[in-house]
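Chains as they are written, first to last, in my numbering: chain W, 424 to 570; chain V, 413 to 866.
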């Protein structure tokens, strides 16, 4: 996920209502929680990427995904850490692969640059929404100099 | 339209309780040491420094606890996806709890149908428009542990189940899954959806185009088709598969209009004959589902003809299907066929004569195309899909010697309509259907439907 030898530091961001609203506006979805823990990596003193966890409800039960964002603000890795709905609603790993390299843009949508999965449409939608939320949060924290 | 989710969440409640505490502590830092906190990050007064360090440690502990609660509320069902769940990110992030319990979902549709006043040949149709809660379905699942999961759907059709009404109450499926922990193989047993076709397994109203399900997938493939059995399912390389042994069909329900009533639906099913059913889908390419399925087994179930002869009534279904989505475009096509052995013996047993014969072969196909015009508006979560579908089916594609085909069962149909989803799980549909058959008794109709899933 991070370059070999990178130093990973756990950090915490406290987001005001305004900050949460700003992230929601940028992502086009639900706001992040007020308290966000993230893992910032540095290699040779430079930003080597950041990892976030996002927990969200799929249908009635939650899913937690890990989203790693590279220094350029693109998804470098995305993994499902837990999924409580029936396994049939979980897309295959190859589906998540198409999110790699995606940045926060109109293309990061299941109706545009992300192909959906027949039979797992709700999971796909909430996962894309979570990826957008993480990218918006990453950009926001970077702008505020909090990374 | 943006949607803000509001879901009761025990862990989030706990977080909500702890979060103000964290803020209080943080606030305490700045109230207690307003000037120093801003001007001198490291106070020279040892007592103050010690106090500050203690508060920082408390905040750190609380934030980790909140993170644990938030992440820990989810179950580790996706371990197959994550080969290294911790990823070296620290103890809070890697803490995985077991969370089990009930999952509830559902879907439903209300359908309006208005029929043409005349048949294809101009004769009066004498059909009355109808408005119907065609389905209201509740899904219940229960996760016993990381290996055993129960899934079920209870369906109400046509709103009222009573002697003077047409409604039905059905357990659409009720099965137990044993999850191996990998996606390669999982076991399933119980009342299961037969894995044939596209609609039979995925029939929530927002999933398919059209106010009514494609007729090929209700007439040729008798959706919603379910039987009791046991089998396995999972992924193998670029394929997803399902393979079940289930009770066979019952030929006593076969008719000229199709095999639909041959399904035993888990209700005191006769089990002299069993069947094998399976499916293989190529799923490597995101957005594309390409596959085939089958069902084969005897349907005689020990019945005898009037002259006392037994018969096997071997019944075999085959289907080829494709579902593809790319950006705003949707394409779906399906071909299905069923063959019935001993059709003449079934006719004699079911007292069917002439053109009432069970088809020894039923066949149908359809293709549909749609486009989400609101996909051009990235800020919108709404969907508006004009679509068109062409279907052709014949439940008597062939009949046994000595019997005739009824041209009414040789049907073609165009469906053209509009699908609107204000949010992804709510759908409003309307369409027109132009139906023709070889007997020239087809009836056109207008449909409107309201559907939902959650």
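Glycine is no exception: its CB is placed at the ideal position from the N, C-alpha and C atoms.
Check: Neighbourhood of residue 591(V) by C-beta distance below 8 angstroms, restricted to the same chain and skipping five residues each side; Outcome: 489, 558, 559, 560, 561 and 598
Check: Against chain V: residues of the segment 500-525 of chain W by CB proximity under 7 angstroms; Outcome: 502, 503, 504, 505, 506, 507, 508, 509, 510, 513, 515, 516, 517, 518 and 521
Check: CB contact check: residue 563(W) to chain V, cutoff 8 angstroms; Outcome: no
Check: Where the alpha helix (DSSP H) through residue 566(W) begins and ends; Outcome: 544-566
Check: Cβ neighbour criterion (16 or more within 10 Å) applied to residue 429(V); Outcome: Residue confidence for residue 429(V) is low, a pLDDT of 44 falling below 50, so the modelled location carries little weight; the figure read from the coordinates is stated next. Residue 429(V) is exposed by the Cβ-count criterion.
Check: Contact the segment 771-782 of chain V vs the segment 797-811 of chain V: 3+ CB pairs below 8 angstroms; Outcome: yes
Check: Members of the segment 683-712 of chain V near chain W, C-beta cut-off 7 angstroms; Outcome: 695, 696, 698, 699 and 701
Check: The segment 835-845 of chain V contacting the segment 805-823 of chain V, beta-carbon criterion three pairs below 8 angstroms; Outcome: no
Check: Own chain, CB closer than 7 angstroms to residue 438(V), minus 5 neighbours either side, in chain order; Outcome: Only weak support is given to the placement of residue 438(V): the predicted model assigns it a pLDDT of 42, under 50, and the value that follows is read from those uncertain coordinates. Hits under 7 angstroms: 471.
Check: Within-8 angstroms CB hit, residue 737(V) to chain W; Outcome: yes
Check: Contact list for residue 635(V) against chain W, beta-carbon separation under 9 angstroms; Outcome: Those within 9 angstroms of residue 635(V) in chain W number zero; the least Cβ separation is about 15 angstroms.
Check: Coarse secondary structure for residue 645(V), derived from DSSP in three states; Outcome: strand
Check: Sequence-distant residues of its chain with Cβ nearer than 6 angstroms to residue 653(V) (five each side left out); Outcome: 692
Check: Chain-order list of residues whose beta-carbon lies under 7 angstroms from that of residue 583(V) (same chain, five-residue window excluded); Outcome: 564, 566, 603 and 678
Check: Through-space distance from residue 752(V) to residue 526(V), alpha-carbon basis; Outcome: 35 angstroms
Check: Range covered by the alpha helix (DSSP H) that runs through residue 448(W); Outcome: 440-450
Check: Beta-carbon proximity list for residue 465(W), same chain, < 7 angstroms, skipping 5 on both sides; Outcome: 429, 430 and 471
Check: Three CB pairs or more closer than 8 angstroms across the segment 444-464 of chain W and the segment 507-522 of chain W; Outcome: no
Check: Residues bridged to residue 837(V) [DSSP beta-bridge criterion]; Outcome: DSSP, once it has assigned bridges, lists no residue as partnering residue 837(V).
Check: In chain order, each beta strand (DSSP E) run of at least 3 residues that lies wholly inside the segment 627-715 of chain V; Outcome: 638-648, 651-659, 686-694 and 700-710
Check: Between the CA atoms of residue 478(W) and residue 579(V) - distance to the nearest angstrom; Outcome: 41 angstroms
Check: Where the segment 781-815 of chain V meets chain W: residues whose CB sits under 7 angstroms from a CB there; Outcome: 784, 787, 790 and 791
Check: Spatially closest choice to residue 624(V) from 831(V), 786(V) and 865(V), by CA coordinates; Outcome: 831(V)
Check: Chain-order list of residues whose beta-carbon lies under 7 angstroms from that of residue 535(W) (same chain, five-residue window excluded); Outcome: 529
Check: Distance between beta carbons of residue 564(W) and residue 436(W), contact taken as under 8 angstroms; Outcome: 6 angstroms
Check: Residue 624(V) - DSSP class collapsed to helix/strand/coil; Outcome: coil
Check: Chain W within 8 angstroms of residue 647(V), Cβ atoms only; Outcome: yes
Check: Neighbour list for residue 556(W) in chain V, Cβ cutoff strictly below 8 angstroms; Outcome: Near residue 556(W) there are no residues of chain V at all, since even the closest Cβ is about 12 angstroms away, more than 8 angstroms.
Check: Where the segment 562-596 of chain V meets chain W: residues whose CB sits under 8 angstroms from a CB there; Outcome: 563, 589, 591 and 595
Check: Cβ-based neighbour list, residue 672(V), same chain, cut-off 6 angstroms, excluding 5 preceding and 5 following; Outcome: 634
Check: Three-state class that DSSP yields for residue 480(V) in the structure shown; Outcome: helix
Check: The segment 727-744 of chain V touching the segment 695-715 of chain V, judged by at least three CB pairs closer than 8 angstroms; Outcome: yes
Check: Closer than 8 angstroms at the beta carbon, the chain W residues around residue 638(V); Outcome: Per Cβ cutoff of 8 angstroms: no residues; residue 638(V) is ~15 angstroms from chain W at best.
Check: Residue 538(V) burial status per 10 Å Cβ neighbour count (16 or more: buried); Outcome: exposed
Check: Through-space distance from residue 760(V) to residue 770(V), alpha-carbon basis; Outcome: 10 angstroms
Check: DSSP bridge partner residues for residue 518(V) (one or two, in chain order); Outcome: 550(V)
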